[in-house]
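Student: Next up is a structure, given as structure tokens.
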Amino acid sequence: MKLTVIEREALDLPAQDRARLAQRLLESLDGLSETEVQQHWLEEARCRAEELDQGIVAPVTAEQLDRRIQARLK
Numbered sequence: 014m015k016l017t018v019i020e021r022e023a024l025d026l027p028a029q030d031r032a033r034l035a036q037r038l039l040e041s042l043d044g045l046s047e048t049e050v051q052q053h054w055l056e057e058a059r060c061r062a063e064e065l066d067q068g069i070v071a072p073v074t075a076e077q078l079d080r081r082i083q084a085r086l087k
């Protein structure tokens, strides 16, 4: 399953479930060194930039993101 699909599905979860998922994902990184964690974030940034460049995803402004978050928390 593609990461973008997983991300979309995860963002559709209720806030409490998203928080639980986020916690479990963070805990899964505990065994990594700081350098490894930084490398993973760098790779994630590269993937996201590539998706933007290819038009797979569209950028959103901070205001749009805030509205989306507020709508999901209601």
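When we follow my numbering, the leftmost residue of the sequence shown carries the number 14, and every step to the right adds one. Each residue gets a CB set at the ideal place from its N, CA and C atoms; glycine is no exception.
Could you give the distance in angstroms between the alpha-carbon of Ser46 and the alpha-carbon of Trp54?
Tutor: As a first step, residue 46 is located in the sequence shown; it is residue number 33 there, counting from the start. As a first step, residue 54 is located in the sequence shown; it is residue number 41 there, counting from the start. Roughly 13 Å separates the two Cα atoms.
Student: Assuming Val50 contacts Leu42 (C-beta within less than 8 Å), just tell me the rounded distance between them.
Tutor: Here residue 50 refers to the residue found at position 37 when the sequence shown is read from its first residue. Here residue 42 refers to the residue found at position 29 when the sequence shown is read from its first residue. Val50 to Leu42, Cβ: 6 Å. Contact.
Student: So Leu24 packs on Leu34, CB below 8 Å; how close in whole Å?
Tutor: Indexing the sequence shown from 1 puts residue 24 at position 11. Indexing the sequence shown from 1 puts residue 34 at position 21. Not quite, the Cβ-Cβ distance comes to about 10 Å (not below 8 Å), so this is no contact.
Student: Rounding to the nearest angstrom, what Cα-Cα distance links Arg81 and Gln52 in this structure?
Tutor: The residue you call residue 81 lines up with position 68 of the sequence shown. The residue you call residue 52 lines up with position 39 of the sequence shown. Going from the Cα of Arg81 to the Cα of Gln52 covers about 29 Å.
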